[in-house]
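Protein sequence lines, in the order shown, are assigned to chains A and B.
Counting along the first sequence from 1, when you hit position 173 you're at 176 in the numbering used here, and nothing is skipped either side.
Counting along the second sequence from 1, when you hit position 41 you're at 401 in the numbering used here, and nothing is skipped either side.
The structure under discussion appears below in the form of structure tokens.
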Amino acid sequence: MEVQASTTIESAVKMIDVKKTFDGKEYVLKGLNLDIKKGSITAIIGFSGTGKSVCLKHILGLYKPTSGKIEVLGRDLESMSKDELTKFRQEFGVLFQSAALFDDMTVLENVCFPLFEHRRDLNFEEVEKIAKEKLHNVDLDPKHFGKLPSQISGGMQKRTGLARALALDPEILIYDEPTTGLDPILTEMVDDLIVSTHKRRPGTTSIMVSHDLYAAFRIADTVAMLDAGKVLLVGTPEDFYKSEIELVKRFVSKGIKH
Amino acid sequence: MELAGGISQKFKGFVTEVGQMSIMLGRSIRLVFAKPSRTVEIFKHMEFIGNQSVGIISLTSLFTGLALSFQVYLGFKIVNATNLVGPTVALGIFRELGPVLTGLIVAARAGGAMAARLGTMKVNEQIDALDVMGVNTVQYLISPRIVAAFICMPMLTAIFDFVAMVGSWFLCVVLVDLDQAVFLDRINQTVELKHILEGLFKSAVFGIIFALICSYKGYNTTGGAKGVGEATNRGVVISMVMIIVLDYFLTNMIRAYYVFSGDVM
């Protein structure tokens, strides 16, 4: 059951019949259609190896599709030059699975980094002020600002990663497996952080890639399930509970164990 | 048949890798002049590659000068030509041992660290993070390392040359009691500026080579901690082999240049 991308004007991301092969033989994405609305929290879920990460890298413009079209905030990624794409990526904020903080920089320096890179009109004090504000927004205690990532806990690293992702006030926030490998308490903390960040920034589109169904249903207002490089089902969490698709039923029954 | 297939596969892999490294080098050189300027990064890497290598370079060069001079002295004593120890050692150091040993030592120390650092950044998604932040990772991570190695290697080689010659002087004049005036005079008569510049030119090339290979290996690391170890190992080993292989070809190139320009070596 393939869900076609509708032609919504208020789309943040629109993927139309996207196919991707790396070796010219085997297709990782096999005609993927996905429409992510502006201002929504969308979770992309699926079993391992179904193309979630590849889909994400296409949205970020890190991969080019073999065929098909990808529009992000109304702009066709394919038509952009490398420099345009690099500049366009400022519209994204990404929280990585491992937080991906720069380990030779302090917490504060990590958040300052994207500002130093892209807001050269700001002076040092202004950059630091914005960075501190972002860290405050993710509830990180100022006593940790001067510490290296290795000196803070996993939860604090996630907060710092999120503050860094928010530094340039992006239009689209992407969470790549944000709770994988975390204990239940930290998982809930990260989930709450995603929701509160979204509420604080109305209009921002949040996209979460996860295989944590519990978190996806708790946070997202739209869930897209991928299978074998295609979208199997898009809908609300309720649509998933009611779905008669065998694979969805299996995923839901195995995924909700918390 | 299977062996032939394996060899062909390895050769194909080698050619692909050389091609990718060449592209990376081309991009790195082009991006040195692109905005935003990465001067701070270049100085940071110069401090690591250059300043932090001075101690180890000085120590190894001192003992290289001592050992080489002693061996040359023992050999030349047989034919009663000990007054040629100074210029022989000087030419050997300036043209060959200085750039090659400096290249090998710095490739092992700084090149290994480069590959490990970039490899760790890769497996911890830090390079991906830079990419999605709209930072050109080749310009931010690779170009400054190559430029820093290119600038620092001739300086380190100059230090190596000087300290090795101090070692040579110490052995010849102080330990085996050769005449200081003859030792210095013979060097003055034989060694020309071009011999020193020849070594410095080689070392600048070695700097580009080890920084490129180690950065490439680190930047393309896959497979977690094991992958970082492998990338570091391969980066250092390939750099060292390439320095020695390239040294031979550079020596021939320089020789050909002298011949064509009518200069007597």
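Don't be surprised by glycine CBs; every beta carbon is placed ideally from N, CA and C.
* To do: Starting from A/Q285, find everything on chain B with Cβ-Cβ shorter than 9 Å and list it in chain order.
  => Here chain A covers residues 4 to 261 and nothing more, so residue 285 of chain A does not appear.
* To do: May I ask which residues mark the beginning and end of the alpha helix (DSSP H) holding A/L176?
  => That residue, A/L176, is in no alpha helix (DSSP H); its beta strand (DSSP E) goes I175 to D179.
* Find the residues of chain A that neighbour B/Q486, judging by a C-beta separation of less than 8 Å, and give them in chain order. => Against chain A, the beta carbon of B/Q486 has neighbours under 8 Å at A103, L104, F105 and D106, listed in chain order.
* Could you give the distance in angstroms between the alpha-carbon of B/F566 and the alpha-carbon of B/M384? -> The alpha-carbon of B/F566 is positioned some 16 Å away from that of B/M384.
* Asked: For the putative contact between B/G527 and B/L426, defined by C-beta atoms under 8 Å, what is the C-beta separation to the nearest angstrom?
  -> 4 Å
* Tell me, to the nearest whole angstrom, how far the beta carbon of A/P117 is from that of B/M493; I am working on the premise that it is less than 8 Å. => 5 Å
* Secondary structure of A/S43, DSSP reduced to three states -> coil
* Kindly list, in the order they appear in chain A, the residues whose Cβ is closer than 8 Å to that of B/A591. => Residues of chain A passing the Cβ test: none, with the nearest at roughly 17 Å.
* Asked: Which of the three DSSP states, helix, strand or coil, is assigned to A/R204?
  -> If DSSP states are grouped into helix, strand and coil, A/R204 belongs with coil.
* **Candidates A/H201, A/G158, A/K150 and A/I155, of which the one nearest A/D172 by Cα** => A/H201
* Asked: What distance in whole Å lies between the Cβ atoms of A/A102 and A/K41, which are believed to be in contact at a cut-off of 8 Å?
  -> Contact flag wrong, Cβ pair sits at about 26 Å.
* Compare the Cα-Cα distances from B/P514 to each of B/S621, B/Y608, B/T399 and B/I417 and report the closest residue. => B/I417
* Roughly how many angstroms lie between the CA atoms of A/K90 and A/Y66, to the nearest whole one? -> 16 Å
* **Buried/exposed call for A/P187, threshold 16 Cβ in 10 Å** => exposed
* Positions along the segment 468–480 of chain B whose CB lies within less than 9 Å of some CB in chain A -> R477 and T480
* To do: Give a yes or no on whether the minimum CB-CB distance between A/F25 and chain B is below 8 Å.
  => no
* Asked: So, does the CB of B/A364 fall closer than 8 Å to a CB anywhere in chain A?
  -> no
* So B/G472 and B/I603 are in contact, right, with Cβ under 8 Å, and what is the actual spacing, rounded? -> About 14 Å; that fails the 8 Å criterion.
* Asked: Where do the ends of the beta strand (DSSP E) carrying A/E74 lie?
  -> S70 to V75
* **For B/F454, the three-state DSSP class (helix, strand or coil)** => helix
* Going by CA-CA distance only, name the one from A/S14, A/V97 and A/A231 that's closest to A/A170. => A/V97
* Asked: Does the segment 477–486 of chain B come within contact of the segment 570–588 of chain B, defined as at least 3 CB pairs closer than 8 Å?
  -> Segments in contact, yes.
* Asked: Unbroken beta strand (DSSP E) runs of length 3 or more, entirely within the segment 580–616 of chain B: which are they?
  -> none
* May I ask you to report which of helix, strand or coil DSSP gives A/D230? => Note: A/D230 maps to strand in three-state DSSP.
* Establish whether the CB of A/K90 and some CB of chain C are separated by less than 8 Å. => Reference to chain C is not applicable here, since the protein chains of this structure are A and B.
* Asked: With DSSP run on the structure shown, which of helix, strand or coil describes A/T92?
  -> In the sequence as displayed, the identity of residue 92 of chain A is Arg instead of Thr. A/R92: helix per DSSP, three-state reduction.
* Quick one: Cα of A/R122 to Cα of A/V141, how far? -> 21 Å
* Report, in whole angstroms, the separation of the C-beta atoms of A/T208 and A/I39, which I expect to be a contact under 8 Å. => About 6 Å; that satisfies the 8 Å criterion.
* A/E5 (DSSP reduced to helix, strand or coil) -> Confidence at A/E5 is low in this model, with a pLDDT of 42, below 50, so the placement of that residue should be treated as unreliable; the coordinate-derived value is given next. Note: A/E5 maps to coil in three-state DSSP.
* Give every residue of the same chain whose Cβ lies closer than 6 Å to the Cβ of A/V16, excluding the five residues on either side of it in the sequence, and list them in chain order. => Hits under 6 Å: I39, I62 and V75.
* Which residue or residues does DSSP assign as beta-bridge partners of A/L35? -> A/V21
* Excluding the five sequence neighbours on either side, which residues of its own chain have a C-beta within less than 7 Å of the C-beta of B/I502, listed in chain order? -> M384, S388, S575 and Y579
* Are the C-beta atoms of A/E129 and some chain B residue less than 8 Å apart? -> Using a Cβ-Cβ cut-off of 8 Å, A/E129 does not count as an interface residue toward chain B, since no Cβ of chain B sits closer than that to its own.
* Along chain A, which residues have their Cβ under 9 Å away from the Cβ of B/A585? -> Simply none; closest approach about 13 Å.
* **Spatial neighbours of B/A470 in its chain, beta-carbon cut-off 6 Å, leaving aside the 5 residues before and after** => I409
* If you measure from the beta carbon of B/A508 to each beta carbon in chain A, is any gap under 8 Å? -> Output row for B/A508: interface = no.
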